[in-house]
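Participant: Top line first, the protein sequences correspond to chains B and E.
Residue numbering for the first sequence follows my numbering, beginning at 94 and increasing consecutively.
Residue numbering for the second sequence follows my numbering, beginning at 38 and increasing consecutively.
No residue lacks a Cβ here, since even glycine has one placed at the ideal position from N, Cα and C.
Small disclaimer: the values here were computed from a predicted structure and weren't measured.
One structure is given below, represented as structure tokens, and several questions about it will come after.
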Amino acid sequence: MALLELQNVTKAFGGLNAVDDVSFSVERGELVGLIGANGAGKTTLFSVIAGNLKPTAGDIRLDGKSIANLPPFRVSQLGIARTFQIVRPFLAMTVEENVEIAALFGRAQHGSVQARLEAAEIIEALGLASLRARRASELTLGARKRLEVARAIATQPHLLMLDEVMAGLTPTEVVEACEIIARLRNDLNLTVLLVEHVMAAVMRLAQRIIVIHHGVKIAEGAPNDIIRDPRVIEAYLGAGFEHAPPA
Amino acid sequence: MSTLWSSRTLLASAATLAFMASLPLWGDDPAIGVGINLLVWVALSASWIVFSGLTGYISLGHAVFYGIGGYVTALLWLSVPMWASVAAGGVAAALLALVAGYPCLRVRGPYFVMLTFGLSQFVKFVVIEIETALQIGGRLIIGAPPLDIIYWLFLAMATGAVVLLAVIRYSRFGSGLRAIREDEVAAETIGIPTVKYKVLAFAISAIIPGLVGGTMLMRSGYLEPDTIFDPTVSLTMICIAVIGGGNTPATALLGSLLLVGLSETLWVRFPLVYMILLGCLLVTFVLAVPQGLLGLLAQLRHRLHSRGEK
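Now the structure itself:
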């Protein structure tokens, strides 16, 4: 059985379908990339899965059980964690406190001693050890993105949903971030759904890519097939581009 | 955490508690009166911090819990044992917070502030209407316990509020509340049941104000809805938290100490301009010392420390 399964999920805002009849599934252990132009509905889809938004129609199943109408805290307790594209750290708290609180709740539900140990490990794994006593408000954007990932992981999810964690990072930082994600996935047995604009990262990490355009799924497949798909090229680069001579 | 439970802190707390507990044994009535004033504000402001200080939802209506506690105690006076009528006041306050909290806590920021203020005024005028309809101008409380007993009751409530705040602040529940204060959407997304936590904290923070209201009634011996539901009570709780700074037990203790100390000395000397002076003090704190007394002390300690190292 697939870990996550979306069946004809639609999210409408007024007359506009931000997510339109999308179905796909993610197998346990998989790393799936979700791509599409700005405004395609990727973040909305994340919010619908995580319970931050209710779907207008369709069903979402985690391990076969519907989670479509659960509040976000229940979805988190069942093992789905997400990051936010515009990061939302607890600004007045230290890096340590941010991660510890997540380990107290979520699916982890650790006691305070265990939470502190787990948090220290995760902070170390994400290369935040030297910043552990700093307030989140003092961190650079790059460090805040790492903190966002650390906090999500501390809830001990089955499924980790990363929303553009590499946007705004330098090429070196992107390579580093890819390595961290790959390592975490291995070490923690994570299933990952990755929204990303940095194509190099998606190509490198994803086993499968799903393409969303105007809220509709237009393609799904292996990374190398996806970048040759005319529908994807059209959606990303505009009609007629596929006739251009190869560079 | 370590600073709170350190042996020095515990020793200082025990000494303070022993000193406060012995006051009726050596102090005269006016001294006991000042002590009661201090204890009442510690109890009320610490309770207020349990909810507003930790969650960041500013309640401008906590006077309603104090008032309803007093009113329920007056209604039940002499028809049940004395302790039961006071306890009923606390229960009534918590129930009111549970019922009102659920709808009120759906909104944040200024809307929540206005709702809580509206709620406290609403309940106040409902009670005034009821009393008028019953043709009761005020209720006399006969057979209240002597002043020293009342003092010790207030001491128990102040201690209870401070311990409650300390325990909650450093618990898992308190961590959840502080996360809500920082970012409610993020808090919910990492698995914190935000609605349940907020309503629960609101109800918990109403209990002791309810008990204090009932006990205050025994002290004054007379219930008048206008006085017991006075919105100044809400404002003063906030003033103490602002002056104290932060959201710890020390906030309530320092803030109350300064406010009560000033009001006792100013009130005696400048009865006419006393409120004006207090207003100026609050403005000064908000503008010049937004981190409050607690933040000021931390800065001083930091400065002394770094000088000592040189």
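Let's see if you can read the secondary structure: which residues bound the alpha helix (DSSP H) around E:Gly146?
Facilitator: 146-170 is the extent of the alpha helix (DSSP H) around E:Gly146.
Participant: Which residues in chain E have a C-beta closer than 9 angstroms to the C-beta of B:Met186? List them in chain order.
Facilitator: Under the 9 angstroms cutoff, chain E gives Arg215, Ala216, Glu219.
Participant: Within 10 angstroms of its Cβ, does B:Ala328 collect 16 or more other Cβ (buried), or is it exposed?
Facilitator: Answer is buried; the Cβ neighbour count reaches 16.
Participant: Could you tell me which uninterrupted beta strand (DSSP E) segments, each at least 3 residues in length, are contained entirely in the stretch 267-309 of chain B, listed from first to last along the chain?
Facilitator: Those beta strand (DSSP E) runs which fall completely within the stretch 267-309 of chain B and span 3+ residues are 284-288, 301-306.
Participant: Beta carbon of E:Gly251, beta carbon of E:Gly126: below 8 angstroms?
Facilitator: Yes, they are a contact pair.
Participant: Please go through the stretch 188-236 of chain B and give each complete alpha helix (DSSP H) segment of 4 or more residues, from N-terminal end onward.
Facilitator: Listed in chain order, the complete alpha helix (DSSP H) runs (minimum 4 residues) inside the stretch 188-236 of chain B are 188-197, 205-218.
Participant: Would you mind telling me which residues of chain A sit closer than 7 angstroms to E:Ile229, beta carbon to beta carbon, in chain order?
Facilitator: This model lacks chain A altogether; the protein chains it does include are B and E.
Participant: If you compare alpha carbons, which of B:Asp322, B:Val258, B:Leu97 is closest to B:Val180?
Facilitator: Ranking B:Asp322, B:Val258, B:Leu97 by Cα distance to B:Val180 puts B:Val258 first.
Participant: Who pairs with B:Asn110 in a beta bridge, going by DSSP?
Facilitator: DSSP lists B:Ala105 as partners of B:Asn110.
Participant: Could you name the residues of the same chain whose beta carbon sits closer than 7 angstroms to that of E:Gly175, not counting the 5 residues immediately before and after it, in chain order?
Facilitator: Excluding positions up to five away in sequence, the list reads Tyr259, Leu260, Glu261.
Participant: Output yes if chain E places a C-beta closer than 8 angstroms to the C-beta of B:Phe139; else output no.
Facilitator: Output row for B:Phe139: interface = no.
Participant: Taking the alpha carbon of E:Ser96 as the reference point, which residue from E:Pro118, E:Met119, E:Cys141 has its own alpha carbon closest?
Facilitator: Nearest of E:Pro118, E:Met119, E:Cys141 to E:Ser96, Cα basis: E:Cys141.
Participant: Between E:Gly332 and the rest of its own chain, which residues show a CB-CB distance below 8 angstroms, the 5 nearest in sequence each way excluded?
Facilitator: So the qualifying residues of the chain are Gly282, Gly283, Val326.
Participant: Give the DSSP bridge partners of B:Glu98, in chain order.
Facilitator: DSSP lists B:Ser118, B:Arg154 as partners of B:Glu98.
Participant: On the criterion of 16 or more Cβ atoms from any shown chain inside 10 Å, does E:Met38 qualify as buried, or is it exposed?
Facilitator: Low local confidence applies: a pLDDT of 44 at E:Met38 is under 50, so the model's placement there is unreliable, and no value is given.
Participant: Indicate whether E:Gly80 and E:Phe191 have their beta-carbon atoms separated by less than 8 angstroms.
Facilitator: The question names Gly, but residue 80 of chain E in the sequence shown is Ala. Yes, they are a contact pair.
Participant: When you compare each of E:Val87, E:Glu301, E:Gln158 to E:Ile73 by their alpha carbons, which one comes out closest?
Facilitator: That would be E:Glu301, whose Cα lies nearest to the Cα of E:Ile73.
Participant: Mind checking the stretch 195-215 of chain E against chain B and listing, in chain order, the residues whose C-beta falls within less than 8 angstroms of any C-beta there?
Facilitator: From the stretch 195-215 of chain E, only Arg209, Ser212, Gly213, Arg215 have a Cβ closer than 8 angstroms to chain B.
Participant: Which residue comes first and which comes last in the beta strand (DSSP E) that contains E:Val87?
Facilitator: Per DSSP, E:Val87 belongs to no beta strand (DSSP E) and is neither H nor E.
Participant: What does the alpha-carbon distance come out to for the pair E:Phe149 and B:Ala218?
Facilitator: Distance between the alpha carbons of E:Phe149 and B:Ala218 is about 41 angstroms.
Participant: Report the residue from E:Leu48, E:Ala240, E:Ile69, E:Leu112 whose alpha carbon sits nearest the alpha carbon of E:Phe88.
Facilitator: Selected option, being the one with the closest Cα: E:Ala240.
Participant: Taking all protein chains shown into account, decide if E:Phe162 is buried (16 or more other Cβ within 10 angstroms of its Cβ) or exposed.
Facilitator: Flag for E:Phe162 reads exposed.
Participant: Just reading off the alpha helix (DSSP H) that E:Ala193 is part of, what are its end residues?
Facilitator: Here the alpha helix (DSSP H) through E:Ala193 covers 184-206.
Participant: Can you give the Cα-Cα distance for B:Ile153 and B:Gly199, rounded to whole angstroms?
Facilitator: Using only the alpha carbons, I get a separation of about 19 angstroms.
Participant: If you run the structure through DSSP and keep just helix, strand and coil, what is E:Ser116?
Facilitator: Correct three-state label for E:Ser116: coil.
Participant: Compare the beta carbon distance of B:Ile326 and B:Ile302 with 8 angstroms and say whether it is the shorter of the two.
Facilitator: No.
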